[in-house]
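Step one of this worksheet: look at the structure below.
Residue numbers (this note's numbering): 338 to 666.
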């Protein structure tokens with residue numbers, strides 16, 4: 338299969354920049370570059386725009402008239418899916434596994450409302466969300482609609498394909514600058530971005546360890562999801578993507594109390610990056626991931642003078658949803 342020939346619905350501004358972070362690098366003693374997928378453009382950016390280019394194209398090809406997806410109440414994925422649906426002339430339903438604290442409408446939830454998404458509060462746990470999404474799809478079909486189900490995070494073979502191509506984009510930027518990284522560090526949530534980058538490493542014959550920092554699921558669950566997604570992607574693209582256990586690196590010690598609960602280390606990382614590089618991280622995803630990178634350097638898991646690529650996957654609206662947490666109030 339020619340992976341570049343699959344239909345796409347244009348949503349993202351690509352390629353995203355690959356930026357040096359000189360002041361952070363000097364502070365840590367490693368060379369840190371940032372792949373700026375916070376700058377994909379659609380609805381304040383983030384990694385989901387890449388995945389949705391393929392998912393929306395597939396939905397349109399299947400004559401769907403409404404996108405249905407799910408996530409947490411401050412889901413970046415639901416916000417981006419809602420924007421993508423509007424650009425494609427589709428309706429959209431976001432299924433949340435919790436309700437907003439105190440009924441506050443802010444951050445991503447405010448943007449969902451502005452985009453006119455139908456919002457359903459399932460009050461399920463994170464692992465029951467897929468069933469809740471399916472129930473909404475069944476309801477829509479019964480009403481004569483044509484729903485297209487997008488799993489949490491857009492973590493499907495098409496979503497993974499998007500990040501295989503994102504890795505190729507990064508690889509071309511690295512070659513142009515004659516940079517050979519020693520490691521990549523990414524956020525591991527619904528696991529599709531991690532699986533897609535890892536699939537890209539295999540597909541394009543690179544030799545770069547991919548360090549995932551889980552922000553929600555237990556490590557073994559992440560490993561199982563990544564393995565499954567890479568296998569499904571390999572079958573889809575008709576290309577072997579062999580994985581060893583050692584290829585799937587997931588660090589579980591940075592989650593903290595729970596998903597979407599900021600940690601002191603994440604708070605410190607948010608302030609440090611803003612004040613050193615003028616770049617914002619969020620408290621749910623990238624703040625914890627940068628805290629992980631810093632700790633991995635301090636513990637010499639990432640060696641001194643190494644070159645490390647940090648994937649910034651977006652999530653900036655989270656800063657406005659949790660201001661007291663970010664400020665430590």
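For every residue, glycine included, the Cβ atom is placed at its ideal position computed from N, Cα and C.
Small disclaimer: the values here were computed from a predicted structure and weren't measured.
Okay, do the segment 561 to 569 and the segment 590 to 607 touch, 3+ Cβ pairs below 8 Å being the bar?
With a cut-off of 8 Å, the segment 590 to 607 and the segment 561 to 569 do not count as touching, because too few Cβ pairs lie within range.
Per DSSP, cross-strand counterpart(s) of residue 484:
What you label residue 484 is simply residue 147 of the chain shown in a count that begins at 1. In the DSSP output, where bridge partners are listed per residue, residue 484 has 403.
Check the C-beta distance from residue 402 over to residue 483 and give it rounded, since I have them as a contact under 8 Å.
Position 65 of the chain shown, counting from 1, holds the residue named residue 402. Position 146 of the chain shown, counting from 1, holds the residue named residue 483. Between residue 402 and residue 483, the beta carbon gap of about 5 Å places them in contact (Cβ cut-off 8 Å).
Note the first and the last residue of the continuous alpha helix (DSSP H) segment covering residue 500.
Here the question's residue 500 lines up with position 163 in the chain shown. Note, residue 500: alpha helix (DSSP H), 494 to 513.
Which class does residue 525 belong to by DSSP, given the choice of helix, strand or coil?
Position 188 of the chain shown, counted from the first residue, corresponds to residue 525. Three-state DSSP puts residue 525 in a strand.
By Cβ distance below 8 Å, which residues in the same chain neighbour residue 604 in space, the five residues on each side in sequence not counted?
On the chain shown, position 267 is the one that residue 604 refers to. Only 620, 624, 662, 663, 665 meet the Cβ criterion.
When the Cα atoms are used, what is the spatial distance from residue 369 to residue 618?
By 1-based counting over the chain shown, the position of residue 369 is 32. By 1-based counting over the chain shown, the position of residue 618 is 281. If I take the Cα positions, the gap works out to 15 Å.
Would DSSP call residue 598 helix, strand or coil?
As a position in the chain shown, residue 598 is number 261, starting the count at 1. When DSSP states are grouped into helix, strand and coil, residue 598 belongs to the coil group.
Assuming residue 550 and residue 485 are in contact, meaning their beta carbons sit under 8 Å apart, how far apart are those beta carbons, in whole angstroms?
Mapped onto the chain shown, residue 550 falls at position 213. Mapped onto the chain shown, residue 485 falls at position 148. The Cβ separation is near 31 Å, so there is no contact.
Proximal residues to residue 536 (C-beta, below 6 Å), its chain only, five neighbours per side dropped
Start at 1 with the first residue of the chain shown, and residue 536 comes out as number 199. If the five residues before and after residue 536 are omitted, its C-beta is found closer than 6 Å to the C-beta atoms of 497, 501, 567, 570, 578, all from its own chain and listed in chain order.
Which of the three DSSP states is assigned to residue 532 in this structure?
Within the chain shown, numbered from 1, the residue matching residue 532 stands at position 195. Helix.
How long is the line joining the alpha carbons of residue 539 and residue 651, rounded to whole angstroms?
If you number the chain shown from 1, residue 539 lands on position 202. If you number the chain shown from 1, residue 651 lands on position 314. Taking the straight line from one Cα to the other gives about 25 Å.
Tell me which residues share the same chain as residue 643 and place their Cβ nearer than 6 Å to its Cβ, disregarding the 5 neighbours each side in the sequence.
On the chain shown, residue 643 is found 306 positions in, with the first residue counted as 1. Around residue 643: 367, 519.
Alpha-carbon to alpha-carbon, residue 544 and residue 639:
Position 302 of the chain shown, counting from 1, holds the residue named residue 639. Position 207 of the chain shown, counting from 1, holds the residue named residue 544. Roughly 15 Å separates the two Cα atoms.
Looking at the structure shown, is residue 647 part of a helix, part of a strand, or coil, going by DSSP?
As a position in the chain shown, residue 647 is number 310, starting the count at 1. Per DSSP, reduced to three states, the secondary structure at residue 647 is strand.
So, does the segment 338 to 349 touch the segment 386 to 396, judging by three or more C-beta pairs under 8 Å?
With a cut-off of 8 Å, the segment 386 to 396 and the segment 338 to 349 count as touching, because enough Cβ pairs lie within range.
Restricting to runs no shorter than 3 residues, where is the beta strand (DSSP E) found entirely within the segment 561 to 647?
For secondary structure counted as the beta strand (DSSP E) over 3 or more consecutive residues, the segment 561 to 647 holds these complete runs in sequence order: 586 to 588.
Could you pull the start and end residues of the beta strand (DSSP E) that residue 551 belongs to?
The residue given as residue 551 occupies position 214 in the chain shown. Element bounds for residue 551: 547 to 551.
May I ask you to report which of helix, strand or coil DSSP gives residue 349?
Position 12 of the chain shown, counting from 1, holds the residue named residue 349. DSSP, reduced to helix, strand and coil, places residue 349 outside both helices and strands of the structure shown, so it counts as coil.
Got a sec, what are the start and stop residues for the alpha helix (DSSP H) residue 372 sits in?
In the chain shown, residue 372 corresponds to position 35, counting from 1. Counting along the chain, residue 372 sits inside no alpha helix (DSSP H); it lies in the beta strand (DSSP E) bounded by residues 368 to 373.
Contact set for residue 352: own chain, Cβ-Cβ below 6 Å, skip 5 residues either direction:
Numbered from 1 along the chain shown, position 15 holds the residue referred to as residue 352. Same-chain partners within the cutoff: 506.
According to DSSP, is residue 434 part of a helix, a strand, or is it coil?
Position 97 of the chain shown, counted from the first residue, corresponds to residue 434. Reduced to three states, the DSSP call for residue 434 is coil.
Looking at the structure shown, is residue 490 part of a helix, part of a strand, or coil, going by DSSP?
Looking up residue 490 in the chain shown gives position 153. Of the three classes helix, strand and coil, the one that applies to residue 490 here is helix, per DSSP.
Out of 635, 542, 491, 487, state which residue places its alpha-carbon closest to the alpha-carbon of residue 509.
Counted from its first residue, the chain shown places residue 509 at position 172. Each of 635, 542, 491, 487 was checked against the Cα of residue 509, and the nearest Cα belongs to 542.
If you follow the beta strand (DSSP E) that residue 410 is part of, which residue opens it and which one closes it?
Working through the chain shown from its first residue, we reach residue 410 at position 73. Where residue 410 is concerned, there is no enclosing beta strand (DSSP E), because DSSP gives it neither an H nor an E.
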